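Asks:
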Amino acid sequence: MDASLTRLTLTRPDDWHLHVRSGSLLKSVIAHSARQFARAIVMPNLKPPVTTVAQALQYREEILSALPAESNFQPLMTLYLTADTPPTQIQQAAESEHVYAIKLYPAGATTNSAAGVGDIRAVYPLFETMQRYQLPLLIHGEVTGEQYDIFDREKLFVDNHLSEIVRQFPELRLVVEHLTTADAVQFVSAAGPNVAATITPQHLLYNRNALLAGGIRPHYYCLPVLKREQHRQTLLAAATSGNPKFFLGTDSAPHPTHLKENACGCAGCYSAHAALELYAEAFEQARALDKLEGFASFYGADFYRLPRNTDRITLQKQTWTVPDRYGEGEASITPLRAGEQLTWQLENA
Ligand code: DOR
Ligand code: ZN
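The numbering used here applies: residue 40 is where the sequence shown begins, and numbers increase by one.
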């Protein structure tokens, strides 16, 4: 790739893993995603969670009405799986033109996951239904429980659950969300074409030193937590490999600043304000900007069996400073890289 590249034009990308919340937080974040992405898979971990197609359709309407007037952004909805989800909801989801996947949160794994699944084997009959309807299952892949070290939880999930799920449901379309370890990369790489994964910008750019060395930086705290450098390098290699199993999912997860800068800070990095710019930085570091379009704009759409976008966006080499915050008062959000410089910028943004 030309080292002096100053403009990069890509097919418009999509975000295959996004939290936009509701109410005032939704209103302050949605335009950030809409300015760069055509579509996003919207996570259902609201309070209360989005567990039915009817709730998902209502949530979709709320998102559409929070969009800037001229926006064509399409929220692709998901349902939050619980032990009580009736198989008929899975069928309805598969038949709905607006619901694209079911999300599995192990109970207690992360933000608003209390209503998630305690005993994963107990929902195998629902996986069977998803397999039958070819409806993708999106997995937060971490074991839960005091006895498990926070840095080991993803690997343990791969070993204790994912291998078994894939064995039992060989045709199930599955996305392992926000990979953070070499173990998970290896698992996804070795699995069939029905198993794919998303990777966030923070896991491509940072290791756990960003969170913990020289002071604790709560805006780098997300789940699964940042891991050691060797894992970051494996993730970067996977994202830039051109392997269509790995695609863009920001996991942008806004929390009000006062709940992040807190004795018990919430998990989640807000990256929607500069998502593509952050990915471009990571791909440039790996000298793989030529691989960004596949990762950001093609492979996710292909996996979800949706048409690729046809319009284009341009990034330019232009240094800018990320604002210290977005939004006001109680809904004020501190973005990833607040007050720091980025070297790529979306044109006409
Ligand atoms: O860091 C995270 N934040 N990880 C998740 O899995 C959920 C997300 C959120 O909703 O805040
Ligand atoms: Zn998430």
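Even glycine gets a Cβ: it sits at the ideal position worked out from N, Cα and C. In this text the structure is predicted, and so the values were computed from the model without any measurement.
Rounded to a whole number of angstroms, what is the C-alpha to C-alpha distance between E367 and R376?
Replies: If you take the alpha carbons of E367 and R376, they lie about 18 Å apart.
Asks: Tell me Y119's beta-bridge partners as DSSP assigns them.
Replies: Y119 is bridged to K142.
Asks: For M40, collect the residues of the same chain with a Cβ closer than 8 Å to its Cβ; drop the 5 residues on either side in sequence, then sort them by chain order.
Replies: Caution applies to M40, whose pLDDT of 46 falls short of 50 and renders its modelled position unreliable; the model cannot decide the point.
Asks: Using a 10 Å radius around the Cβ and a threshold of 16 neighbouring Cβ atoms, would you call N248 buried or exposed?
Replies: With fewer than 16 Cβ atoms within 10 Å of its Cβ, N248 is classed as exposed.
Asks: By Cβ distance, which residues of its chain are closer than 6 Å to E213, with the 5 residues on each side in sequence left out?
Replies: Strictly speaking, residue 213 in this sequence is Leu, with Glu absent from that position. Excluding positions up to five away in sequence, the list reads L176 and V234.
Asks: Which stretch, first to last residue, makes up the alpha helix (DSSP H) that contains T296?
Replies: Taken as a continuous stretch (DSSP letters only), the alpha helix (DSSP H) holding T296 covers T296 to K299.
Asks: Looking at C-alpha atoms only, which residue of I129, Y139, Y309 and Q128 is the closest neighbour of Q113?
Replies: The shortest Cα separation from Q113 among I129, Y139, Y309 and Q128 belongs to Y139.
Asks: Determine whether the beta carbon atoms of V68 and L120 lie at a separation below 8 Å.
Replies: Cβ distance not < 8 Å, so V68 and L120 don't count as in contact.
Asks: Label G378 either buried or exposed according to how many other C-beta atoms from any shown protein chain fall within 10 Å of its C-beta, with 16 as the threshold for buried.
Replies: Exposed, since its Cβ has fewer than 16 Cβ neighbours within 10 Å.
Asks: Only counting the same chain, and skipping five residues up and downstream in sequence, which positions put a Cβ closer than 8 Å to that of D158?
Replies: Only A122 meet the Cβ criterion.
Asks: Report the residue ranges of all beta strand (DSSP E) runs contained in full by the region 43–107; include only those spanning at least 3 residues, in chain order.
Replies: Fully enclosed beta strand (DSSP E) runs of 3 or longer: 46–50, 54–57 and 78–81.
Asks: Below 8 Å on the Cβ atoms is my contact criterion, and I expect N282 with L265 to pass it. Report the Cβ-Cβ distance as a whole number of Å.
Replies: Rounded, the Cβ-Cβ distance is 22 Å, inconsistent with contact.
Asks: For C303, count the other beta carbons within 10 Å of its own beta carbon; 16 or more makes it buried, fewer makes it exposed. Which is it?
Replies: Exposed, because fewer than 16 other Cβ atoms sit within 10 Å of the Cβ of C303.
Asks: Just reading off the beta strand (DSSP E) that F196 is part of, what are its end residues?
Replies: Run containing F196: none in the beta strand (DSSP E); it sits in the alpha helix (DSSP H), R192 to F196.
Asks: Could you tell me if H297 is buried or exposed, where buried requires 16 or more neighbouring beta carbons within 10 angstroms of its beta carbon?
Replies: H297 comes out exposed.
Asks: Give a single yes or no on whether H242 has its beta carbon closer than 7 Å to a heavy atom of ligand 2.
Replies: No, Cβ of H242 sits at least 7 Å from all heavy atoms of ligand 2.
Asks: If you reduce the DSSP assignment to three classes, tell me which class Q225 lands in.
Replies: In the structure shown, Q225 sits in a helix (DSSP, three-state: H, G or I).
Asks: Closer than 6 Å by C-beta to A321: which residues in its own chain qualify, once you throw out the five before and the five after it? Chain order, please.
Replies: L243 and L244.
Asks: What is the rounded straight-line gap between the Cα of S61 and the Cα of V224?
Replies: Going by the C-alpha atoms only, they are around 32 Å apart.
Asks: Between F166 and the rest of its own chain, which residues show a CB-CB distance below 7 Å, the 5 nearest in sequence each way excluded?
Replies: Closer than 7 Å at Cβ, skipping near neighbours: L176, I204, F208 and L211.
Asks: Using a threshold of 7 Å, is the CB atom of G378 nearer than that to any non-hydrogen atom of ligand 1?
Replies: No; taking the cut-off as 7 Å, the Cβ of G378 has no heavy atom of ligand 1 nearer than that.
Asks: Could you give the DSSP three-state label for R376: helix, strand or coil?
Replies: R376 falls in the coil class under three-state DSSP.
Asks: Strictly under 8 Å for the Cβ-Cβ distance: is G180 near chain B by that measure?
Replies: Considering every chain present, this structure includes no chain B. It has just one protein chain.
Asks: Would DSSP call A370 helix, strand or coil?
Replies: The answer is helix: DSSP assigns A370 an H, G or I state.
Asks: Among all residues, which have a Cβ less than 6 Å from at least one non-hydrogen atom of ligand 2, and in what chain order do they fall?
Replies: Selection output, chain order preserved: H56, H58, M82, D290 and A292.
Asks: Measuring CA to CA, which of K142, K86 and V227 is closest to K194?
Replies: If we check each option's Cα against that of K194, V227 comes out closest.
Asks: Can you tell me which residues form a DSSP beta bridge with R351?
Replies: In the DSSP output, where bridge partners are listed per residue, R351 has T50.
Asks: Once you ignore the five residues that flank W383 on each side, which residues in its own chain have a CB closer than 8 Å to its CB?
Replies: So the list reads L47, L315, E316, A319, E320, E323, L354, Q355, K356 and Q357, once near-sequence residues are dropped.
Asks: Mark Y163 as exposed unless 16 or more other C-beta atoms lie within 10 angstroms of its C-beta, in which case mark it buried.
Replies: It counts as exposed.
Asks: Report the residue from Y343, D191 and P374 whose alpha carbon sits nearest the alpha carbon of Q173.
Replies: Minimum Cα distance to Q173 is reached at Y343.
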